[in-house]
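The next block holds one structure in the form of structure tokens; read it before the comments.
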Amino acid sequence: MTVPTYVYECEKGHRFERVQGIKDPPLKRCPRCRARAHRVPSAGAGLIFKGSGFHVTDYRSKGYREKARQEGAAGAAPPGSAGAGKTKDPKPGAPRAES
Numbered sequence: 012m013t014v015p016t017y018v019y020e021c022e023k024g025h026r027f028e029r030v031q032g033i034k035d036p037p038l039k040r041c042p043r044c045r046a047r048a049h050r051v052p053s054a055g056a057g058l059i060f061k062g063s064g065f066h067v068t069d070y071r072s073k074g075y076r077e078k079a080r081q082e083g084a085a086g087a088a089p090p091g092s093a094g095a096g097k098t099k100d101p102k103p104g105a106p107r108a109e110s
């Protein structure tokens, strides 16, 4: 279980941190000067996601991935066939047909 760290600030400007449970009541007094204290809103932690498992497609079912692979292969020309990886240009200097 992870327990968050809260940042507090008192009326006199002292800042301090406390590790507290989410359900714990907030502190009311500064431990240094006993002045009234309040929680300071946090910007949160910076997260860096590395590796696999952080994209929606990483969680797709095996059947979905297989079907996508088959559909992708059906639209591509097989290697070694006419037109696979090459496009024929008309004779140099000849006008090209526009679509």
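Read in order, the letters of the sequence shown are residues 12 to 110 in the working numbering. All C-beta atoms in this analysis are idealised placements derived from N, C-alpha and C, irrespective of residue type, glycine included.
Problem set entry | Supposed contact pair GLU28 and VAL18 - C-beta distance, whole angstroms, cut 8 Å | Translated into positions along the sequence shown, residue 18 becomes position 7. Translated into positions along the sequence shown, residue 28 becomes position 17. Sure, about 5 Å apart at Cβ, within 8 Å.
Exercise. Pick from THR16, TYR75, ARG80: whose alpha carbon is nearest that of GLY32?
Worked result: Within the sequence shown, residue 32 is the residue found at index 21, counting from 1. Nearest option by C-alpha distance: THR16.
Exercise. Going by other Cβ atoms of all chains shown within 10 Å of its Cβ, with 16 needed for buried, is ALA54 buried or exposed?
Worked result: Residue 54 sits at position 43 when you count from the first residue of the sequence shown. It counts as exposed.
Exercise. If you run the structure through DSSP and keep just helix, strand and coil, what is GLU77?
Worked result: As a working note, residue 77 is residue 66 in the sequence shown. Helix at GLU77.
Exercise. In this structure, what does DSSP give as the bridge partners for HIS49?
Worked result: Against the sequence shown, residue 49 aligns to sequence position 38. In DSSP, HIS49 forms a bridge with GLU20.
Problem set entry | Other residues of its chain near ARG26: CB distance less than 6 Å, five sequence neighbours each side excluded | For the purposes of this step, residue 26 is identified with residue 15 of the sequence shown, where counting begins at 1. Within the same chain, ARG26 has close Cβ partners GLU20.
For this session: Over the uninterrupted beta strand (DSSP E) stretch that includes VAL30, give me the two end residues.
Result: Residue 30 sits at position 19 when you count from the first residue of the sequence shown. Per DSSP, the unbroken beta strand (DSSP E) holding VAL30 starts and ends at 26 to 30.
Problem set entry | Cβ-Cβ distance between PRO42 and ARG50 below 7 Å | What you label residue 42 is simply residue 31 of the sequence shown in a count that begins at 1. What you label residue 50 is simply residue 39 of the sequence shown in a count that begins at 1. Not a contact, by the Cβ cut-off of 7 Å.
Problem set entry | ALA85 to GLY74 span [Cα, whole Å] | Residue 85 sits at position 74 when you count from the first residue of the sequence shown. Residue 74 sits at position 63 when you count from the first residue of the sequence shown. If I take the Cα positions, the gap works out to 17 Å.
Exercise. Quick one: what's ARG43 bridged to in DSSP?
Worked result: Looking up residue 43 in the sequence shown gives position 32. Bridge partners of ARG43: none, in fact.
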